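Quick note: to get our numbering, add 6 to the position in the sequence shown (first position is 1).
Just so you know, even glycine gets a beta-carbon here, dropped at the ideal spot from N, CA and C.
Note that the structure is predicted; figures quoted are calculated from it, not measured.
Notes follow the structure.
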Amino acid sequence: MGKYLIVEDNLDKFEEIKCELLKGNISNNHIKHVVSVNEATTLLKSNIYSMVVLDLNLPMTRKGKPVENGGITLLSKLKGSSNKYNLPQQIIGLTSYENLKKEQSSEFESLCFSLYDFELSDWKVALQNKIAWEVSSSTSKPRITGKDIIFSVHGIRTLGHWQNKLESSVKNHNDEPLVEKYRYNYFSAIQLLFPRYRDKVINDLSDKIEKLAEKYPDSNFVVFSHSFGTYAIVKALEKLSVSCELKIDKLFLVSSVMKSEYCFEKMIKRFSINKIYNECGYNDTVLLLSHYMCVDMGMAGRSGFIGTSVINRFYKGGHDFFNRDDGFIDEYWLPAIFESEGQQYDERKFSCLRENIEILLYTRHIPVLSVVFLSVLTIYLLF
């Protein structure tokens with residue numbers, strides 16, 4: 007199912023339009039609302055929408071006053087600069103002003119789009135028909151059923167070269183599973199601190215997963231994610247619409263930035279997850295950044311998850327411990343993928359001092375820039 011953009015500055019009218027989309031089983035996550043021409047053009051530069059529902063009497067900017075040709079201005083921008091925008095498949099124009107409908111119908115008709123009187127009900131019928139058409143056309147595409155699919159998501163400050171290694175190892179072992187790699191642009195540590203950058207990846211990832219679930223129904227997914235990718239995959243799964251039918255056989259969280267107390271039980275039940283493996287590098291100092299600097303993140307990829315059915319496995323090394331040149335993927339991940347039960351691993355060797363330092367690091371009571379934290383970190387790095 008595609009995305010829908012509503013460009014409407016009247017909140018009551020927006021709610022009525024949104025209600026009609028929800029009646030057509032459009033997920034709330036797939037509906038975006040803006041109130042001005044400039045906001046709409048900004049979104050259309052970076053997003054693809056199946057349909058735009060467009061008011062005519064619109065402000066040019068969010069705080070501006072509505073103008074009668076606002077909707078037509080947006081339509082003209084799309085028509086005149088199609089190389090700058092992702093053109094929607096459908097546009098439905100709405101207006102409560104009869105004179106605007108008469109004056110501007112020809113602009114919509116020239117592009118094979120329709121303009122309706124908001125006060126009448128015919129626009130609702132047209133909207134439902136267009137939604138039904140999109141659903142029918144998407145379900146008529148050939149779909150591959152009953153496959154095993156390896157799906158991977160990389161982390162920050164990388165373009166995910168390990169995903170290629172994983173694909174190569176999987177194909178050398180068994181060429182039947184399909185391998186799908188999700189990649190996004192280089193993501194810096196600074197971007198990690200701001201929710202709006204994270205949300206863009208999460209929303210796109212959620213759409214990608216839903217499309218894969220539609221394309222490969224009745225398939226078993228094995229999901230790998232690293233670092234920020236673990237946070238992105240968990241949040242993306244949480245955002246999936248209730249209509250999405252997805253079965254996850256195994257979920258691998260590697261060097262996870264999730265909080266250790268996160269509970270997976272609802273997710274396990276919803277997606278019929280057989281096993282969740284939390285792959286930890288017990289010398290992973292990078293995760294101290296997510297633990298102390300990001301309120302909604304932690305360092306489960308270092309300390310493990312607690313109070314849940316996740317299988318914590320600990321290895322020597324830091325944030326990229328699995329990239330070591332000793333055949334790690336073949337030795338540790340392939341058996342867990344293709345066998346019903348992966349082995350337990352715990353390569354940690356803690357002195358009494360190290361154990362107490364780990365407790366202090368986990369508590370969050372130490373401010374990142376405080377003298378106490380810096381002292382503890384210095385001692386830790388020496389041992």
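- Residue burial annotation: Leu121 is buried, with at least 16 other C-beta atoms found within 10 angstroms of its C-beta.
- Counting only runs of 4+ residues, the alpha helix (DSSP H) found wholly inside the region 182-247 occupies 195-198, 201-221 and 234-245, in chain order.
- Cβ neighbours of Asn180 within its own chain (closer than 7 Å, five residues either side excluded): Phe344.
- Counting C-beta pairs with one atom in each stretch, the region 164-173 and the region 207-220 have fewer than three that are closer than 8 Å, which means they do not touch.
- Distance from Gly161 to Gly235 at the Cβ level is roughly 5 Å; contact confirmed, criterion being Cβ atoms closer than 8 Å.
- Around the beta carbon of Gly307, a 10 Å sphere encloses 16 or more other beta carbons of the protein chains shown; the residue is thus reported as buried.
- By the criterion of a C-beta distance shorter than 8 Å, Ile155 is surrounded in its chain by Pro183, Leu184, Val185, Glu186, Leu218, Tyr222, Ser225, Asn226, Phe227 and Val228, once the five residues flanking it on both sides are discounted.
- Counting other Cβ atoms within 10 Å of its Cβ, Gly304 reaches 16 or more and is therefore classed as buried.
- In the pairwise beta carbon analysis, the region 268-282 is classified as not touching the region 294-301: fewer than three pairs are separated by under 8 Å.
- Ser52 is not a Cβ neighbour of Ser247, given a cutoff of 7 Å.
- Asp205 and Cys269 have their C-alpha atoms spaced approximately 21 Å apart.
- Residue pairing from DSSP places Met57 in a beta bridge opposite Tyr10 and Gln96.
- The beta-carbon separation of His325 and Gly287, rounded to 6 Å, stays under the 8 Å limit for a contact.
- Ile239 places its beta carbon less than 7 Å from that of Val159.
- Taken in chain order, the complete beta strand (DSSP E) segments of 3 or more residues contained in the region 252-280 are 253-260.
- Excluding the 5 residues flanking it on each side, Tyr283 has same chain C-beta neighbours closer than 8 Å at Lys256, Leu257, Phe258, Leu259, Val316, Ile317, Arg319, Ala342 and Gly348, in chain order.
- Around the CB of Ser266, 16 or more other CB atoms lie within 10 Å, so the residue is classed as buried.
- Bridge partners of Arg319 according to DSSP: Glu285.
- Less than 7 Å divides the Cβ of Val41 from the Cβ of Asp15.
- Around Gly8, the same chain offers Ser56 as residues with beta carbons nearer than 6 Å, after the five sequence neighbours per side are excluded.
- The same chain holds no residue with a CB closer than 7 Å to that of Asn178 once the five nearest residues on each side in sequence are set aside.
- Membership of Asp302 in any beta strand (DSSP E) is not indicated, and neither H nor E is assigned to it by DSSP.
- In terms of Cβ geometry, Ile335 and Ser175 form a close pair [threshold 7 Å].
- In this chain, the beta strand (DSSP E) harbouring Lys38 covers Ile37 to Val40.
- Assignment of beta-bridge partners to Leu121 by DSSP yields Gly99.
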